[in-house]
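First to last, the protein sequences are chains A and B. Quick note: the first sequence uses the numbering used here, first residue 171, plus one each step. Quick note: the second sequence uses the numbering used here, first residue 53, plus one each step. For each residue, glycine too, the CB sits at the ideal point set by N, CA and C.
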Amino acid sequence: MTKYTMSVKEFLEESRKGNINFLDFAAALLEETQKLNKKFQLLREICDIRDRLYLNPPLNGLPISVKDCICVKGVQSYAGSKILEGYIPTFDATCVDRLKDNGVTILGKTNQDEFGFGTFSTNSGFEVPKNPLDPLRSCGGSSGGAAGLVAALDYPHVALAQSTGGSISAPAAFCGVVGITPTYGLVSRYGLIDYANSLDKIGVIGKSVHDVALILSIISGKDEKDQTSIGEKKDYSKDLSSTKDLKGVKIAVPKEYFQNLEEEVEKEVWNAIKKMESNGATYEKVSLKNTKYGVAAYYIIATAEASTNLAKYCGMRYGMHGKLEGNFNEYFSTVRTSGLTEEAKRRIILGTFTRMAGYRDAYYLKAMKIRTLIIEEHKNIFKKFDVIASPSMPIQPPKFKEIKKLTPVENYQMDFLTIPANLAGMPHLSVPVAKKTPIGLHLTADHLSEDKLFKIGSVFEKVR
Amino acid sequence: MIFMVTIGLEVHVQLMTETKLFCSCSNKFTTIPNTHVCETCLGMPGSKPRLNKKAVEQAIKIGLALNCKINHEMFFSRKSYFYPDMSKNFQITQYEMPICFDGFLELNGRKIRIRRIQMEEDPARLIHEGAIEKAKNVLVDYNRSGTPLCEIVTEPDFTSPQEARLFLQELSLMLEYLGVYDPNTEGSIRVDANISLPKGKRVEVKNVSGFKEVERAFSYEIIRQSSLLKRGQKIVMETRGWNAESGTTISLRSKETEDDYGYIFETDLPTVEVSKKAMELKYGMPEFAKQKVERYEREFRIGREMALSIVSEPDIADAFETAVKEIDTHISATFFSKMLKKVLNYENLRLKQTGLETKWLITIMKKLENKEITDRAAELLLRDMVLKPQDPEILLKLRGLTRIDTEEALDPIVLNVLSKNSLAIIDYKHGKPESLEFLVGQVMRATQGRADPVITRKVIHKRLDE
């Protein structure tokens with residue numbers, strides 16, 4: 171406990187009253203962050219906070235950490251990859267720009283799997299973040315540093331994160347914090363270092379539903395710099411406290427989401443559903459038949475797109491450079507061989523294969539069709555239900571030595587609960603089943619129904 | 053032995069938009085390298101493309117002018133290959149659903165079929181210091197990166213290099229009338245061709261600029277292939293580059309199989325509906341050269357040759373159409389088709405490049421109409437004006453090019469000429485009438501073309517007959 175141990179709500183209240191000495195606050199925050207980082211390796215870059223204070227209302231300098239793959243002008247952005255060593259963006263991502271306009275303190279860049287390629291933050295070109303709940307275990311990934319910092323830092327703080335196939339829900343669940351992955355397009359991807367453009371979504375991880383709703387309200391909405399962005403400005407945090415119960419809320423519980431789960435996870439998530447029921451909600455078991463194709467379709471689409479996105483890293487204009495030798499092909503290969511990790515190479519090879527002439531129809535185009543079927547299947551569910559409930563992850567955070575034993579396919583299979591919502595581009599919220607417990611209740615809603623998720627999530631926070 | 057040759061073209065046209073295809077960088081040419089660049093056209097991590105609507109409109113116009121079908125919707129794809137001129141090592145182009153397809157251009161009564169028209173981004177420009185084979189370094193200028201291109205793909209409908217050249221000239225003029233491209237910018241139209249002979253293989257000749265070069269390159273390639281066949285050798289499927297300096301094509305890479313670019317959808321750019329815009333643009337198409345020629349013949353009763361000369365540049369046609377409102381049709385048609393074209397061709401310029409104002413040209417024509425200046429003087433004026441655009445009234449005063457058409461004024465000049473040309477006088481007296489014309493020419497020369505030829509002849513006659 172420090173004198174700055176307070177919630178975001180309290181911080182906004184105190185700072186508005188002028189009760190916070192910002193220089194003192196910043197210095198204490200910096201010291202604490204550095205201390206935690208030594209212990210858990212959560213951040214790749216810690217900013218000199220005093221240079222990055224934006225103290226204007228309404229956020230009055232609230233500390234925000236940014237996932238490494240989101241560009242902050244003038245701050246090294248590695249996206250977890252050595253190949254980007256030396257890349258200092260000349261521009262702010264739109265979400266960062268909007269936060270600065272609303273007055274935040276940029277704390278630093280949080281660790282992640284290289285370009286988002288992972289579920290445990292272990293596929294990184296740099297240090298692997300450790301779970302503050304148990305340092306022998308993974309934070310989850312790929313936004314592991316973001317969730318870990320939210321869990322570890324006792325200060326008011328919210329983290330910008332990003333998900334392609336579950337990279338917000340997985341670490342939020344494992345670190346016992348809240349993560350919102352919004353509808354595809356609701357937050358501009360301008361300034362996000364691409365993993366898979368049709369799947370990437372910027373979202374928020376925080377200590378409470380209120381915190382993530384507050385920050386999403388600021389960063390969401392159409393941006394002319396990203397032509398896939400959509401949505402109106404909306405204050406998601408406004409009426410949260412006025413919702414007292416879950417009367418009338420209809421929950422779908424897909425049976426496919428309750429297979430191959432760790433016992434404890436299954437038990438806790440059922441408990442959570444029952445708690446919602448006792449607070450007015452009704453639930454019904456349903457079936458999402460295409461779930462079994464989700465992981466395969468996802469990894470085909472995501473790696474196909476990733477393999478084109480990663481082509482630009484060749485040691486020519488930014489990032490890592492090599493010794494100029496041989497023709498351009500040889501030079502590019504040398505740089506890419508030394509700059510990318512094994513997992514990145516695996517995904518480049520997989521993705522290149524699935525879009526080659528002759529395989530394209532069998533893999534890439536078929537996966538796109540499956541994706542359409544999964545969207546339709548979800549749309550049908552939401553004709554009758556408000557949300558789909560499931561666990562966020564099939565297991566509790568594994569130990570690092572257990573992760574090492576997983577084959578790539580076993581590893582990819584860990585995402586089977588988060589992938590369908592990500593493929594469908596539908597918003598989903600991970601809320602811990604109990605405070606500081608590394609099991610997440612996963613709620614998915616229809617496109618642009620974030621407000622529904624926040625209302626249900628904040629009631630659940632009170633009754634869990 | 054005559055070979056039946058088959059040629060198909062892929063024509064890349066740089067569109068004349070204010071900004072680039074996927075960012076707001078200027079699309080204007082500049083000689084200072086890497087100044088019209090931003091995070092998007094440099095392919096910086098985190099940047100995103102956004103589509104330039106004006107470029108889409110221009111592509112639709114091209115499709116309409118080439119009698120194409122316009123797709124209801126279109127989207128972009130990523131074409132992946134590694135090359136140092138590529139900012140992202142993939143090109144944003146169109147694959148499954150291009151903007152236009154199935155069109156044609158009529159060439160001397162024959163239809164050249166257009167397979168498809170697609171929009172794409174131009175890569176950066178590579179500059180090899182010295183010759184490409186010997187250069188130690190290569191410089192990259194990203195000013196060109198992201199320039200909007202329209203790729204027009206024809207069916208293999210050409211049977212000679214001459215025909216291909218004619219097609220490109222017609223296409224170029226059409227594009228100029230559409231106002232979508234600037235023929236004066238170097239590399240604004242670049243051609244790849246697939247050339248094949250019977251019993252041969254398809255050979256691709258890449259990146260030829262300039263219509264004359266196209267004819268040269270293709271002719272060379274046909275001779276190369278036919279002499280291989282004559283000697284009983286095989287033609288390999290390959291890609292060749294044109295070396296304008298040596299006048300030969302050189303093998304760049306063999307093509308054992310079709311290139312595999314691993315196309316996927318470009319999901320950073322949403323699907324665009326184009327059919328509605330096409331309906332709108334259909335009614336605003338300009339009058340093209342061919343229609344203009346017909347109209348000029350009908351409306352102004354001028355000859356086909358003259359009309360063709362006038363419509364050879366949209367700016368000349370515009371100026372002509374303005375001029376005929378106040379100047380005699382014959383005078384203005386002759387002025388534009390003969391005099392102005394001659395001066396422009398001599399300097400290898402187009403009217404657009406000179407900065408000449410139509411009102412100045414009208415001033416000159418009025419003076420011709422009123423016989424204030426001679427044809428010769430008008431031409432001299434134009435020669436000065438195309439190099440340095442200026443008001444002919446001022447230039448006339450400076451250079452004193454007004455017509456000398458009184459006997460009193462010409463008499464001393466004639467006397468002076470006669471005193472220096474006694475031989476011609478003797479010839480004349482011995483009944484050689486052509487020496488009279490020689491003397492008239494000398495007076496013209498002495499007056500820099502200002503002397504009225506009819507009056508001059510009269511004065512010389514008078515003096516010689518004395």
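Can you list, in chain order, the residues of its chain with a C-beta nearer than 6 angstroms to that of A/T172? Leave out the 5 residues immediately preceding and following it. Counting from 1 along the first sequence, the entry for residue 172 of chain A is found at position 2. Excluding sequence neighbours, A/T172 sits near nothing in its chain.
Tell whether a beta-carbon distance below 8 angstroms holds between A/K237 and A/V320. Position 67 of the first sequence, counted from the first residue, corresponds to residue 237 of chain A. Position 150 of the first sequence, counted from the first residue, corresponds to residue 320 of chain A. Taking 8 angstroms as the Cβ cut-off, A/K237 and A/V320 do not qualify as a contacting pair.
Cβ-based contacts, 7 angstroms cut-off: residues of the region 109-132 of chain B near chain A: Shown in chain order are the members of the region 109-132 of chain B whose Cβ falls below 7 angstroms from a Cβ of chain A: R130, S132.
Expressed to the nearest angstrom, what Euclidean distance is found between the alpha-carbon atoms of B/Y233 and B/L103? Position 181 of the second sequence, counted from the first residue, corresponds to residue 233 of chain B. Position 51 of the second sequence, counted from the first residue, corresponds to residue 103 of chain B. Between B/Y233 and B/L103, the C-alpha separation is close to 19 angstroms.
Cβ shell of B/V511 (< 7 angstroms), same chain only, five flanking positions each side left out: The sequence position of residue 511 of chain B within the second sequence is 459, counting from 1. Taken in chain order, the residues that qualify are E459, L462, D463, V466.
Coil, strand or helix - A/H327 by DSSP: Counting from 1 along the first sequence, the entry for residue 327 of chain A is found at position 157. Note: A/H327 maps to coil in three-state DSSP.
Does the region 350-364 of chain A come close enough to the region 323-342 of chain B to have 3 or more Cβ pairs within less than 8 angstroms? no
Tell me B/H64's beta-bridge partners as DSSP assigns them. As a position in the second sequence, residue 64 of chain B is number 12, starting the count at 1. Answer is B/E203, B/R242.
At which residues does the beta strand (DSSP E) containing A/E454 begin and terminate? One-based indexing of the first sequence puts residue 454 of chain A at position 284. Its beta strand (DSSP E) spans residues 452-456.
DSSP beta-bridge partners of B/M126: Here residue 126 of chain B corresponds to residue number 74 of the second sequence, with the count starting at 1. BP columns for B/M126 point to B/V324.
Nearest CA to the CA of B/F134: which residue from A/W440, A/A481, A/E255, A/S358? As a first step, residue 134 of chain B is located in the second sequence; it is residue number 82 there, counting from the start. The shortest Cα separation from B/F134 among A/W440, A/A481, A/E255, A/S358 belongs to A/A481.
Mark A/T461 as exposed unless 16 or more other C-beta atoms lie within 10 angstroms of its C-beta, in which case mark it buried. Numbered from its first residue, the first sequence carries residue 461 of chain A at position 291. Label assigned to A/T461: buried.
Could you work out which residues of chain E lie near A/N367, taking near to mean beta carbons separated by less than 7 angstroms? The structure shown contains no chain E; its protein chains are A and B.
State the DSSP-derived secondary structure class of B/H180, mapped to helix, strand or coil. Within the second sequence, residue 180 of chain B is the residue found at index 128, counting from 1. The answer is strand: DSSP assigns B/H180 an E or B state.
Alpha carbon to alpha carbon, how far is A/S600 from A/G346? Give it in angstroms, no decimals. Within the first sequence, numbered from 1, the residue matching residue 346 of chain A stands at position 176. Within the first sequence, numbered from 1, the residue matching residue 600 of chain A stands at position 430. Roughly 9 angstroms between the two C-alpha positions.
Proximal residues, the region 249-280 of chain A versus chain B, C-beta separation under 9 angstroms: A249, L254, Y257, P259, T260, F261, A263
In chain A, what lies closer than 9 angstroms to B/K105 by C-beta? Here residue 105 of chain B refers to the residue found at position 53 when the second sequence is read from its first residue. What B/K105 touches in chain A: nothing, since even the nearest Cβ is about 11 angstroms away.
DSSP state of A/L306 mapped onto helix, strand, coil: Along the first sequence, read from residue 1 onward, the residue named residue 306 of chain A stands at position 136. Strand, per DSSP.
Residue-chain proximity (B/E91, chain A), Cβ-Cβ < 8 angstroms: Numbered from 1 along the second sequence, position 39 holds the residue referred to as residue 91 of chain B. Yes, B/E91 counts as interfacial toward chain A.
So with CB distances below 8 angstroms, who are the chain A contacts of B/D312? Locating residue 312 of chain B in the second sequence gives position 260, where the first residue counts as 1. Under the 8 angstroms cutoff, chain A gives M526, A527.
My parser needs the alpha helix (DSSP H) runs of 4 or more residues fully inside the region 497-529 of chain A; what are they? 498-509, 512-524
Contact list for the region 137-159 of chain B against chain A, Cβ threshold 8 angstroms: From the region 137-159 of chain B, only S139, K140, N141, F142 have a Cβ closer than 8 angstroms to chain A.
Boundaries of the beta strand (DSSP E) in which B/E378 is found, first to last residue: For the purposes of this step, residue 378 of chain B is taken as residue 326 along the second sequence, with counting starting at 1. Neither: B/E378 is in no beta strand (DSSP E) and is coded neither H nor E.
Same chain only: Cβ atoms within 8 angstroms of A/E432, ignoring 5 sequence neighbours per side: Residue mapping note: residue 432 of chain A aligns to position 262 of the first sequence, counting from 1. Closer than 8 angstroms at the Cβ level, and outside the excluded window around A/E432, lie P564, I565, Q566.
Between A/I667 and A/T452, how many whole angstroms is the CB-CB distance? I'm expecting something under 8 angstroms. Absent from the model: residue 667 of chain A. The displayed extent of chain A is 171 to 634, so no value can be given.
Which bits of chain B does A/R487 rub up against, with CB to CB less than 7 angstroms? Indexing the first sequence from 1 puts residue 487 of chain A at position 317. Neighbours of A/R487 in chain B, taken as residues at a C-beta separation under 7 angstroms, are given in chain order as L94.
7 angstroms Cβ cut-off: residues of chain A touching B/K100: Residue numbering aside, residue 100 of chain B sits at position 48 when the second sequence is read from its first letter. Neighbours of B/K100 on chain A, chain order: R359, Y360, K395, D396.
Look at the Cβ atom of A/I470, then the Cβ atom of A/Y533, and state whether they are nearer than 8 angstroms. Residue mapping note: residue 470 of chain A aligns to position 300 of the first sequence, counting from 1. Residue mapping note: residue 533 of chain A aligns to position 363 of the first sequence, counting from 1. Closer than 8 angstroms, so yes.
For B/A375, which option in B/K121, B/G407, B/I416 has the closest C-alpha, if you only look at C-alpha atoms? By 1-based counting over the second sequence, the position of residue 375 of chain B is 323. Answer by Cα proximity: B/I416.
Could you tell me which chain B residues have their CB closer than 8 angstroms to the CB of A/C345, listed as they occur along the chain? Residue mapping note: residue 345 of chain A aligns to position 175 of the first sequence, counting from 1. Under the 8 angstroms cutoff, chain B gives no residues; its nearest Cβ is about 26 angstroms from A/C345.
For chain A, check one thing: does any of its Cβ atoms lie closer than 8 angstroms to the Cβ of B/I302? Working through the second sequence from its first residue, we reach residue 302 of chain B at position 250. Contacts with chain A at 8 angstroms (Cβ-Cβ) do not include B/I302.
Can you confirm whether A/K625, when its beta carbon is compared against all beta carbons of chain B, has any partner nearer than 8 angstroms? Position 455 of the first sequence holds residue 625 of chain A. Closer than 8 angstroms to the CB of A/K625 there is not a single CB belonging to chain B.
For A/I363, decide whether its Cβ has a neighbour in chain B, counting only Cβ atoms nearer than 8 angstroms. Reading the first sequence from its first residue, position 193 is the one you call residue 363 of chain A. Interface residue, yes.
Please look up how many angstroms separate the CB atoms of B/L230 and B/P338, rounded, as I've assumed it's under 8 angstroms. Taking the second sequence and counting its residues from 1, one reaches residue 230 of chain B at position 178. Taking the second sequence and counting its residues from 1, one reaches residue 338 of chain B at position 286. Indeed they touch by this definition, with Cβ atoms about 6 angstroms apart.
Sheet register partners of A/E215 (DSSP bridge): One-based indexing of the first sequence puts residue 215 of chain A at position 45. Answer is A/K279.
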